[in-house]
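Residue 436 in numbering that gives the first Met the number 0 is what sits at position 437 of the sequence shown, and the numbering runs on without skipping anything. Step one of this worksheet: look at the structure below.
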Amino acid sequence: MSLTQRLAEFAVDLRASPLPDDVRRAAERAVLDWLGSAIRGGEAFPARTALAVARQAMAGQQATVLATGERLSALGAAFANGAASHVLELDDLHQPSTFHPAAPIIPAALAAAERVDASGQVFLRAAVAGYEVGIRLAEAVNPSHYRYWHPTATCGVFGATAAAGTVLGLSCQGLVDALGSAGTMASGLWQFLDDGAMSKPLHAGKAAHDGLLAAELARAGLTGARTILEGRRGFFAATASEVDLSRITDGLGNRFKILENGYKRHACCGHTHTAIDAALQLRERIAGRVIRQVEVGTYQVALDITDNPAPETEHAAKFSMQHAVAVALFDGAAGLEQFRPARLADPELAALRARVVVRAVPEFNAAYPQAWPAHVRVRLAGGATLEETVTVPRGMPGNPMSDEELREKFLGMVTPVLGSERAALLAQAVARLGDGLPVRELLRVCWSG
């Protein structure tokens, strides 16, 4: 039996089986957090651009765009919602696989579920199936895959396909075909980091779109490569120099990866979060004293992605370790406002950012990707030195957000768009998905009152 077939059988079986209570709750948390990013993210220019194109190219009345309430084709809604949910850098994160699962997976499942009027139970099971497929593939191909490829895009399309195919009720062979088509569309390169381009939210939107497209094509009878993963010209051979196949099958159906999911407090790349948390702890001890230099030690992959001492755009700032640590020390926060152009241009902040130096630490390299540690040392005028090490940032397993903290994050994201009353009602509706609340009813709460 091929690995593709193993994953397809798992997803088909999951559709007909009640989720364990802890897995259901984890899925509801994931949906709540994703909705916050998708609704608020619609205000950002890349998301607005994606939506404008979707209106022209993917018109229809099948599914809802969360940021505006308008309706497009299911493919258009998946694309627009996926892009919007990834643009603010506040969507979820599975650290061991270096993968943001919600942004490609949930919009594909949601658009399919709205189109066919699926129950909340089926929607949640589909999301869990997508998380399992996407995360397990990302764990298998990383870290070598991560050198050039963005797993949220490349592995995300497989997760999105599994989720959409589960909602649409594909047979095992149908889902194998869908995954085969997904693999031939898997793409997403890191080159955008070199000039701060806006490609990253496109990765999530396109993965969501392509995952749903692959499922719809299989539903219509299009066949796909049946060994798309392990075939001699398949996904593994093309995108990773080392692959751990055991990561795909070990515990499949018994140990659910969604239980390892984490949630972000800071509106920037997850590789900066341990350093930000360390800087926030140090800020309390600095007490207004003059900072001469800030040294950040972390793992090399974090620097490959975020070593940018002079970011010129909002998006580039979200991938600048120097800026993230500087705003944490200067503002005591690393939220949405800390990455706006006005903060980038602030001369005092720019002066502090210029005093942040970064380096790789060998023992931190060895710890990655199971841990994402950072050490921050602050040298003060007068010679005093303060330092702090953080291994697990707030929001990740081992240092998780409570349900109430996650709800407060959601309300803070959504209230400016929907208002406080509707935001609270939407949070309540998410908690009813596991009891069978129809997905269309969830969306009516969001935009019909």
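For every residue, glycine included, the Cβ atom is placed at its ideal position computed from N, Cα and C. All values derive from a computational prediction rather than experimental measurement.
Nearest residue (CA-CA) to Ala277, options Phe338, Ala332 and Glu229:
Ala332
Measuring only the C-alpha atoms, how far is Gln337 from Asp330?
A direct Cα-Cα distance of roughly 8 Å separates Gln337 from Asp330.
Which whole-angstrom value is the C-beta distance of Ala53 and Leu71, which I expect to be below 8 Å?
Confirmed, about 6 Å.
Endpoints, the beta strand (DSSP E) within which Gly296 is located:
Ile290 to Thr297
With a threshold of 8 Å on Cβ separation, who are the neighbours of Arg47 within its own chain once the five nearest residues in sequence on each side are excluded?
So the qualifying residues of the chain are Gly41.
Same chain, Cβ closer than 8 Å to Thr273, neighbours up to 5 away in sequence not counted
Thr297, Trp371, Pro372, Ala373, Val389, Thr390, Val391 and Pro392
Proximity below 9 Å, CB of Ala29 to CB of Asn260
yes
Using the Cα positions of Ala428 and Leu441, report the straight-line distance between them to the nearest angstrom.
Each residue's Cα considered, the two are about 6 Å apart.
The alpha helix (DSSP H) with Arg284 in it runs from where to where?
His272 to Ile285
Nearest-angstrom beta carbon gap, Pro100 and Ser84 [assumed within contact, 8 Å]
Contact flag wrong, Cβ pair sits at about 11 Å.
DSSP state of Leu441 mapped onto helix, strand, coil:
Three-state DSSP puts Leu441 in a helix.
What is the rounded straight-line gap between the Cα of Arg194 and the Cα of Leu18?
The question names Arg, but residue 194 is Asp in the sequence shown. Rounded to the nearest angstrom, the two C-alpha atoms are 43 Å apart.
Enumerate, from N- to C-terminal direction, the unbroken alpha helix (DSSP H) stretches of 4 or more residues contained entirely within the segment 321-349.
Entirely contained in the segment 321-349, the alpha helix (DSSP H) runs reaching 4 residues are, in chain order, 340-344.
Say whether the segment 172-184 touches the segment 223-237, bearing in mind that this needs 3 or more beta-carbon pairs closer than 8 Å, one atom from each stretch.
The segment 172-184, when compared against the segment 223-237, does touch it at the 8 Å Cβ threshold.
Which residue wins for smallest C-alpha separation from Met412, given the options Gly187, Cys268 and Lys263?
Lys263
Exposed or buried, what is Asp21 when buried is set at 16 or more other beta-carbons lying within 10 Å of its beta-carbon?
exposed
Is Leu169 helix, strand or coil by DSSP?
Note: Leu169 maps to coil in three-state DSSP.
Pull up the DSSP beta-bridge partners for Glu386, would you.
Arg376, per the DSSP bridge assignment.
Going by the DSSP bridge assignment, what does Val30 pair with across the sheet?
Answer is none; Val30 lacks a bridge partner.
Considering just the uninterrupted stretch of the beta strand (DSSP E) at Val470, what are its terminal residues?
No answer is possible for residue 470: the residues shown for the chain start at 0 and end at 448.
Cβ-based neighbour list, Gly68, same chain, cut-off 7 Å, excluding 5 preceding and 5 following:
Trp446
Going by Cα to Cα distance, which pick from Asp90, Asn141, Leu174 and His93 is closest to Ala449?
Residue 449 lies beyond the stretch modelled for the chain, which goes from 0 to 448, so this question has no answer here.
Are there 16 or more other CB atoms within 10 angstroms of the CB of Pro361, so buried, or fewer, so exposed?
Counting other Cβ atoms within 10 Å of its Cβ, Pro361 stays below 16 and is therefore classed as exposed.
Thinking just about the alpha-carbon of each residue, which of Ile247, Leu65, Gly168 and Ser96 is nearest to the one in Met395?
Ser96
Label Tyr145 either buried or exposed according to how many other C-beta atoms from any shown protein chain fall within 10 Å of its C-beta, with 16 as the threshold for buried.
Buried, because 16 or more other Cβ atoms sit within 10 Å of the Cβ of Tyr145.
Which runs of the alpha helix (DSSP H) spanning at least 4 residues fall entirely within the segment 97-178, listed in chain order?
101-115, 119-140, 150-153 and 155-166
Can you give me the start and stop residues for the alpha helix (DSSP H) that Val86 sits inside?
Ala73 to Val86
Alpha carbons only, please: which of Leu279, Ala10 and Leu436 is nearest the one belonging to Ala161?
Ala10
Simplified DSSP assignment, three categories, for Arg70:
strand
Express the C-alpha separation of Ala350 and Leu432 in angstroms, rounding to a whole number.
49 Å
Which class does His202 belong to by DSSP, given the choice of helix, strand or coil?
helix
Taking the C-alpha atoms as reference points, what is the distance between Ala58 and Ala286?
55 Å
Skipping 5 residues on each side, what residues in its chain have a beta carbon closer than 6 Å to that of Gln470?
As displayed, the chain neither begins before 0 nor continues past 448, which places residue 470 out of reach and without an answer.
How would you write the range of the alpha helix (DSSP H) that Asp402 sits in, first residue to last?
Unbroken alpha helix (DSSP H) run through Asp402: Asp402 to Leu417.
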